[in-house]
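Asks:
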Amino acid sequence: MSGPAPLARRAVVEGLGTAGLVAVVVGSGIQATELTRDVGVQLLANSLATVFGLGVLIALLGPVSGAHFNPAVTLAAWFTGRRTGDAPTLRDLAGYVPAQIAGAIGGAVLADAVFGKPLAHFSTHDRFAGHLWLGEVVATAGLVWIVFGLARAGRAHLAPLLVASYIGAAYWFTSSTSFANPAVTIGRAFTDTFAGIAPTSVAPFLAAQLVGAAVGLGLVTACFGRPASGSEDEVVVPHDGQQPAAPARSAEESALTR
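Under my numbering, the residue at position 87 of the sequence shown is numbered 494, and the numbers go up by one with no gaps.
1. Are Tyr573 and Gly556 close, meaning C-beta to C-beta below 8 Å?
2. Which same chain residues, not among the five before or five after Leu500, have their C-beta less than 8 Å away from its C-beta?
3. Count the other CB atoms, across all protein chains shown, that sit within 10 Å of the CB of Arg444; report buried if there are 16 or more and exposed otherwise.
4. With 16 as the cutoff for other CB atoms within 10 Å, does Glu639 come out buried or exposed?
5. Between Thr496, Gly513, Gly523, which lies nearest to Ala592 when the distance is taken from Cα to Cα?
6. Would you tell me roughly how many angstroms separate the C-alpha atoms of Thr547 and Gln616, rounded to the nearest one?
7. List, from N- to C-terminal side, the alpha helix (DSSP H) runs of 4 residues or more that fit wholly inside the stretch 502-576.
8. If I measure Cβ to Cβ from Leu428 and keep anything under 7 Å in the same chain, skipping five residues before and after, which residues do I get?
9. Go ahead and label Ala536 buried or exposed: buried means 16 or more other beta carbons lie within 10 angstroms of its beta carbon, across all protein chains shown.
10. Taking the alpha-carbon of Gly436 as reference, which of Val448, Ala426, Val622 has the nearest alpha-carbon?
11. What's the call for Pro606, buried or exposed, on a 16-neighbour Cβ count within 10 Å?
12. Thinking Ala518 and Gly434 are a contact (beta carbons under 8 Å), I'd like their distance in whole angstroms, please.
13. Excluding five sequence neighbours on each side, which residues of the same chain lie with their C-beta closer than 8 Å to the C-beta of Asp533?
14. With a cut-off of 8 Å on the beta carbons, I'd call Val627 and Val544 a contact; round off their distance for me.
15. For Ala577 and Gln507, what's the separation of their Cα atoms in angstroms?
16. Which two residues bound the contiguous alpha helix (DSSP H) that contains Ala621?
17. Using CA coordinates, which residue listed in His528, Gly632, Ala456 is at the minimum distance from Thr600?
18. With H, G and I counted as helix, E and B as strand and the rest as coil, what does DSSP make of Ser472?
19. Taking Cβ to Cβ, would you say Ala466 is nearer than 8 Å to Asn588?
20. Compute the beta-carbon to beta-carbon distance between Trp379 and Gly623, rounded to the nearest angstrom, for a pair I have assumed lies under 8 Å.
21. Nearest-angstrom Cα distance between Thr584 and Gly542?
22. By Cβ distance, which residues of its chain are closer than 7 Å to Val516, with the 5 residues on each side in sequence left out?
23. Between the Cα of Ala415 and those of Leu451, Ala452, Pro505, spot the shortest distance and give me the residue it belongs to.
24. Taking the alpha-carbon positions, what's the Ser582 to Val419 distance?
25. On the CB-based measure, 16 or more other CB atoms within 10 Å of its CB, does Thr425 come out buried or exposed?
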């Protein structure tokens, strides 16, 4: 089997994957508002597009970078890995997180350009409320619980389907419509459309997401116990995936998502 892809390639893939995710979220939101004035139908269209787009991105890019597309997931992977000596390392962290944030901003700008909207126009959609922050804690906790729980339970090959499905469901059962992702939150501040979030609302969302990630890791530990040394190296430091030794190995590499 080939070794892990170089960090530069993995960071580029994380940036591209996050850009693709935000482009789907923002673009489908714009399209939905142009096709109907029914807010429920708009949210349905937005959530369905996100489910399909995220599932494809995880399946396609997971074997290269792990398909985190989310600083909260990357930070959680680093935190769990540091106790067992597994990656990602601080160097990986420094490569992934900026790439994810830059990709998210680029994806929002791209979606605006595709639909002829003003580029990099800050959102005026205020989302500053305590119940929304609680929604983000719940959404992010559930995401981290599923991502790491699947890896710990040996079901990581189901990540493209189950993680995308969870995000689609969380659109509807959380008051915040489940951003659950610091990079995506920052990126969505750069579009004054259906999916946008006002810059003044970003910081509390980020704080809630980090709290949610910690809660999610607690749920993983409660359900599956602490990982043994080396038990998660295949999911937090994915191999290149060009010459997989077995399908199960490649599938595990796509466990860490959005």
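Virtual Cβ for every residue (Gly too), placed ideally from N, Cα, C. Fair warning: this is a prediction, and the values are worked out from it, not measured in the lab.
Replies: Considering the structure as presented:
1. no
2. Thr481, Leu482, Trp485
3. exposed
4. Note that Glu639 scores 48 on pLDDT, short of 50, meaning its location in the model is unreliable and no value can be drawn from it.
5. Going by the sequence as given, residue 592 is Thr instead of Ala. Among Thr496, Gly513, Gly523, the Cα nearest to that of Thr592 is on Gly513.
6. 6 Å
7. 537-559
8. Gly460, Leu461, Leu464, Phe476, Gly514, Val591, Arg665
9. exposed
10. Val448
11. exposed
12. 4 Å
13. Ala605, Thr607, Ser608
14. Actually they are not in contact, since the Cβ atoms of Val627 and Val544 sit about 16 Å apart, beyond 8 Å.
15. 21 Å
16. 606-631
17. His528
18. helix
19. no
20. With the chain represented from 408 up to 665, any question about residue 379 goes unanswered, as that position is not in the structure.
21. 8 Å
22. Leu526, Ala527, Phe597
23. Pro505
24. 32 Å
25. buried
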